[in-house]
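The listed protein sequences derive, respectively, from chains U and B.
All the letters of the first sequence, read from the start, carry residue numbers 1 to 431 under UniProt numbering.
All the letters of the second sequence, read from the start, carry residue numbers 1 to 431 under UniProt numbering.
By construction, the Cβ of each residue, glycine as well, lies at the ideal position given by its N, Cα and C atoms.
What follows is one structure encoded as structure tokens, with my remarks underneath.
2 protein chains.
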Amino acid sequence: MTGWSRITAVDTYDIRFPTSQQLDGSDAMNPDPDYSAAYLVIRTDDPDGHEGHGFAFTIGRGNDVQTAAIGALRPYLIGRPVSATLADLGGMWRELVHDSQLRWLGPEKGVMHMAIGAVINALWDLAAKRAGLPLWRLLSRMTPEELVDLVDFRYLTDALTRDEALEILRRGADGRAEREAEILRGGYPAYTTSPGWLGYDDDKLRRLCREAVDDGFDLIKLKVGADLDDDRRRLRIAREECGPDIRIAIDANQRWDVPDAIEWIGALSPYQIWWVEEPTSPDDVLGHAAIAKAIAPIPVATGEHVQNRIVFKQLLQLGGLSFLQIDAARVAGVNENIAILLLAAKFGVPVCPHAGGVGLCELVQHLSMFDFVAISQTQQDRTIEYVDHLHEHFADPVVVRGGRYQAPTAPGFSSTMLPASLAAYSHIDLP
Amino acid sequence: MTGWSRITAVDTYDIRFPTSQQLDGSDAMNPDPDYSAAYLVIRTDDPDGHEGHGFAFTIGRGNDVQTAAIGALRPYLIGRPVSATLADLGGMWRELVHDSQLRWLGPEKGVMHMAIGAVINALWDLAAKRAGLPLWRLLSRMTPEELVDLVDFRYLTDALTRDEALEILRRGADGRAEREAEILRGGYPAYTTSPGWLGYDDDKLRRLCREAVDDGFDLIKLKVGADLDDDRRRLRIAREECGPDIRIAIDANQRWDVPDAIEWIGALSPYQIWWVEEPTSPDDVLGHAAIAKAIAPIPVATGEHVQNRIVFKQLLQLGGLSFLQIDAARVAGVNENIAILLLAAKFGVPVCPHAGGVGLCELVQHLSMFDFVAISQTQQDRTIEYVDHLHEHFADPVVVRGGRYQAPTAPGFSSTMLPASLAAYSHIDLP
Numbered sequence: 001m002t003g004w005s006r007i008t009a010v011d012t013y014d015i016r017f018p019t020s021q022q023l024d025g026s027d028a029m030n031p032d033p034d035y036s037a038a039y040l041v042i043r044t045d046d047p048d049g050h051e052g053h054g055f056a057f058t059i060g061r062g063n064d065v066q067t068a069a070i071g072a073l074r075p076y077l078i079g080r081p082v083s084a085t086l087a088d089l090g091g092m093w094r095e096l097v098h099d100s101q102l103r104w105l106g107p108e109k110g111v112m113h114m115a116i117g118a119v120i121n122a123l124w125d126l127a128a129k130r131a132g133l134p135l136w137r138l139l140s141r142m143t144p145e146e147l148v149d150l151v152d153f154r155y156l157t158d159a160l161t162r163d164e165a166l167e168i169l170r171r172g173a174d175g176r177a178e179r180e181a182e183i184l185r186g187g188y189p190a191y192t193t194s195p196g197w198l199g200y201d202d203d204k205l206r207r208l209c210r211e212a213v214d215d216g217f218d219l220i221k222l223k224v225g226a227d228l229d230d231d232r233r234r235l236r237i238a239r240e241e242c243g244p245d246i247r248i249a250i251d252a253n254q255r256w257d258v259p260d261a262i263e264w265i266g267a268l269s270p271y272q273i274w275w276v277e278e279p280t281s282p283d284d285v286l287g288h289a290a291i292a293k294a295i296a297p298i299p300v301a302t303g304e305h306v307q308n309r310i311v312f313k314q315l316l317q318l319g320g321l322s323f324l325q326i327d328a329a330r331v332a333g334v335n336e337n338i339a340i341l342l343l344a345a346k347f348g349v350p351v352c353p354h355a356g357g358v359g360l361c362e363l364v365q366h367l368s369m370f371d372f373v374a375i376s377q378t379q380q381d382r383t384i385e386y387v388d389h390l391h392e393h394f395a396d397p398v399v400v401r402g403g404r405y406q407a408p409t410a411p412g413f414s415s416t417m418l419p420a421s422l423a424a425y426s427h428i429d430l431p
Numbered sequence: 001m002t003g004w005s006r007i008t009a010v011d012t013y014d015i016r017f018p019t020s021q022q023l024d025g026s027d028a029m030n031p032d033p034d035y036s037a038a039y040l041v042i043r044t045d046d047p048d049g050h051e052g053h054g055f056a057f058t059i060g061r062g063n064d065v066q067t068a069a070i071g072a073l074r075p076y077l078i079g080r081p082v083s084a085t086l087a088d089l090g091g092m093w094r095e096l097v098h099d100s101q102l103r104w105l106g107p108e109k110g111v112m113h114m115a116i117g118a119v120i121n122a123l124w125d126l127a128a129k130r131a132g133l134p135l136w137r138l139l140s141r142m143t144p145e146e147l148v149d150l151v152d153f154r155y156l157t158d159a160l161t162r163d164e165a166l167e168i169l170r171r172g173a174d175g176r177a178e179r180e181a182e183i184l185r186g187g188y189p190a191y192t193t194s195p196g197w198l199g200y201d202d203d204k205l206r207r208l209c210r211e212a213v214d215d216g217f218d219l220i221k222l223k224v225g226a227d228l229d230d231d232r233r234r235l236r237i238a239r240e241e242c243g244p245d246i247r248i249a250i251d252a253n254q255r256w257d258v259p260d261a262i263e264w265i266g267a268l269s270p271y272q273i274w275w276v277e278e279p280t281s282p283d284d285v286l287g288h289a290a291i292a293k294a295i296a297p298i299p300v301a302t303g304e305h306v307q308n309r310i311v312f313k314q315l316l317q318l319g320g321l322s323f324l325q326i327d328a329a330r331v332a333g334v335n336e337n338i339a340i341l342l343l344a345a346k347f348g349v350p351v352c353p354h355a356g357g358v359g360l361c362e363l364v365q366h367l368s369m370f371d372f373v374a375i376s377q378t379q380q381d382r383t384i385e386y387v388d389h390l391h392e393h394f395a396d397p398v399v400v401r402g403g404r405y406q407a408p409t410a411p412g413f414s415s416t417m418l419p420a421s422l423a424a425y426s427h428i429d430l431p
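Take a look at the structure:
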């Protein structure tokens, strides 16, 4: 590896899996998703041969647009010196997110923001591979000063300043080595959504609930919000199969307006609900706060569609969520998720990542493990979503055993899809 | 015109004007914009030969992605019956915005949402041309029931229900003919941003201020937020040139964090400021509310980057704005802007549209004139931004005289760019 190597290519792939055929992933808002990835590979002329892999997750139509948006970032990458770029990924983030012309397309939201996230994550994959470490360990070894330099505090300072973030990270610096060892030994808690897709019939729900308990999960999640009687019946079945000690969360996938949410959740309150996820639009911070207040003590969880750190900041300021669900590929990558982890720590809210989809489990485990080692220092009420599909397409697939994510040990961000899968599921190859 | 004609083609154009050469449009966040349009033309096999023209506005890089997003909507349009589609644009809006796969790319924000807005606006242009009316008059003749059918109340009902919207529109049904005549006679108030771009020197600022007053404007706007001493000097110059009776607004283009905004605006408060525009991130509804409270009685204006009706709803609920600045091409077109006009009416907040850019003046005048005729019934504190550039590229350019927009009378949405301009400024022609 030399100091003079440069980025020579950014190849993009429009990858789509025909998941709608089995109704995997079906919920109240997404009846027939085709899980897809707008995927990129960053190549360099370094003799080490390492590549950076990253992607945005979509559910089918529009994946071509998402892929084109990633491709549009090529001019910002080609010819860039690899070492200098990877040594200042905070600077790279600012250059992309605050590009004065590109930001008109958001700002900091939607297709262009997710494209930047995919690129930033691919660069982190490359950095971790070059360091010979899984990303969570690479991040866990950075100093508090290095970590805050990755974060853009613009629009956050009324809730979290750089100095406050530094203080949080310095508190987390003690005992990092012990917590790293703890992760390597015992992994990180997982919960499962596999039993709960709306398109599954009651027998399949029963069987999958039993399997989940047998597999060691102590939290499962059901999709709700299409029909109240169905929701009641399915919650009853899940509770029967799981017994009283398993936690059951529900997920409405933004199905309701504020008054409907309050009424519907009220009707489900007898069923011992661990959290209610995405009760309404992810843009509605006031609505989340109104719902949270009305349905207390049932907690609200949200985040997989929250567009950026600025909206998370407000949800925390207003008490609109009690579980914060980061997504590895919705916001602008690792850097913005570090900002969000720090916000959650400031407000004392546990982070329980969204996962599933294509490769989201693979990515987000790194962020939660880093959170434990360097920020939150606890696994109390923390758990990462787990869905058992499409992992076979990844070179370093997640391993979940006994209801826990086992620590990834291969260098990188676990984002590398197998060449055979890229070839087999390419929808269109953009130039 | 027959009932059997269908949409046969959706042609897209990546149009870019090299405006950065003159620093037109330069502000604290956008030092060198190249005003651009991701443009589409909807063609049919109807013998009437009418086309629907629409566009999303961007400021340069990324306009190819925006154009690709519009192109991705082609399958929703090709082959559709023209009459039935135009007779139910509320249904068309819901089909596009709530497409379960596409909405993952937002939801309801950014590139994909703006693409839907461009398509919806092009369909309205076609509808108005077929009706032989300028859009503002076509909308002004629709019944309250027809108008609420255009609106999606999802995520709004905690602030505005369908019944409340109907009541607002029914109140506005009286005297529509008189107000239509008033618009045809006297037009609608305009204000000018032409003097105030940050890249202009003091002499140019002086000259343009004098010209603005001579041209009959009674409100001008200056860009601020790069340097406090510069802002003070430029406000002093503008006040000297304009005299005490001209209102002066300032626009920070999202430059500040919440604490900075409060401090900076405090330092400018001696200068008799009509409004402060975009003091911080458009995503920060709590931040806007905190700033509004701290700087009162100086009012906050915002909206050109507000992604959808859900965020406007919250800004209104929290008192985060005193002037609501709709943009014709940021949200999902005419339908969503009708929702926003109704929200503003419910909360009693004047709508003062954002314009400028490429063709935004041409579009938004129709919405304000419709607002006056059918919803607000007043021009009190209402005014549409006016910037004097790029109008020469449009077939039916705006006419601003004596500080007022003159009513457009040609059929359509004034969105049709001249074929010669499309040819001359095409950056890439996507297939």
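Going by C-alpha distance, which of the options is nearest residue i?
i: residue 177 of chain B; options: B:204, B:191, B:138; result: B:138
i: residue 402 of chain U; options: U:189, U:369, U:151, U:291; result: U:189
i: residue 155 of chain B; options: U:291, U:84, U:232, U:158; result: U:291
i: residue 331 of chain B; options: B:297, B:168, B:118; result: B:118
i: residue 5 of chain B; options: B:19, B:382, B:48; result: B:48
i: residue 14 of chain B; options: B:24, B:144, B:26, B:71; result: B:71
i: residue 366 of chain B; options: B:112, B:134, B:114, B:42; result: B:134
i: residue 338 of chain U; options: U:11, U:169, U:226; result: U:169
Between which two residues does the alpha helix (DSSP H) harbouring residue i extend?
i: residue 293 of chain U; result: 285-295
i: residue 333 of chain B; result: 333-347
i: residue 197 of chain B; result: Neither: residue 197 of chain B is in no alpha helix (DSSP H) and is coded neither H nor E.
i: residue 277 of chain U; result: Here residue 277 of chain U belongs to no alpha helix (DSSP H); instead the beta strand (DSSP E) covers 273-277.
i: residue 246 of chain B; result: Per DSSP, residue 246 of chain B belongs to no alpha helix (DSSP H) and is neither H nor E.
i: residue 140 of chain B; result: 135-140
i: residue 421 of chain U; result: 419-424
i: residue 148 of chain U; result: 144-149
Along the chain, where does the beta strand (DSSP E) containing residue i start, and where does it finish?
i: residue 19 of chain B; result: That residue, residue 19 of chain B, is in no beta strand (DSSP E); it is neither H nor E in DSSP.
i: residue 52 of chain B; result: 52-58
i: residue 386 of chain B; result: 384-386
i: residue 300 of chain U; result: 300-302
i: residue 65 of chain U; result: Residue 65 of chain U -> not in any beta strand (DSSP E); alpha helix (DSSP H) instead, spanning 63-71.
i: residue 43 of chain U; result: 36-44
i: residue 80 of chain B; result: First-last for residue 80 of chain B: undefined, no H or E at that position.
i: residue 220 of chain B; result: 219-223
On the criterion of 16 or more Cβ atoms from any shown chain inside 10 Å, does residue i qualify as buried, or is it exposed?
i: residue 44 of chain B; result: buried
i: residue 64 of chain U; result: buried
i: residue 423 of chain B; result: exposed
i: residue 184 of chain U; result: exposed
i: residue 380 of chain B; result: exposed
i: residue 187 of chain U; result: buried
i: residue 145 of chain B; result: exposed
Skipping 5 residues on each side, what residues in its chain have a beta carbon closer than 6 Å to that of residue i?
i: residue 167 of chain U; result: none
i: residue 271 of chain U; result: 235
i: residue 279 of chain U; result: 252, 256, 261, 291
i: residue 275 of chain B; result: 249, 299, 301, 323
i: residue 39 of chain U; result: 13, 15, 55
Give me, in chain order, the residues of the same chain whose beta-carbon lies closer than 7 Å to that of residue i; leave out the 5 immediate sequence neighbours on both sides.
i: residue 371 of chain U; result: 341, 351
i: residue 179 of chain U; result: 372, 373, 377
i: residue 209 of chain B; result: 195, 220, 238, 241, 242
Check: Counting Cβ pairs, one atom from each stretch, are 3 or more of them under 8 Å apart for the stretch 317-328 of chain B and the stretch 341-351 of chain B?
Finding: yes
Check: When the Cβ atoms of the stretch 229-240 of chain B are set against those of the stretch 200-213 of chain B, are three or more pairs found closer than 8 Å?
Finding: yes
Next item on the list: Answer yes if the stretch 384-395 of chain U comes into contact with the stretch 70-81 of chain U, meaning at least three C-beta pairs across the two stretches below 8 Å, and no otherwise.
Entry: no
Item checked: Cβ contact (3+ pairs, closer than 8 Å) linking the stretch 51-59 of chain U and the stretch 98-108 of chain B -> yes
Margin query: Would the stretch 86-96 of chain B count as touching the stretch 147-162 of chain B if we require 3 or more Cβ pairs under 8 Å?
Written below: yes
Notebook entry, point to check: Within the chosen definition, does the stretch 16-23 of chain U reach the stretch 359-371 of chain U through at least 3 CB pairs nearer than 8 Å?
Noted result: no
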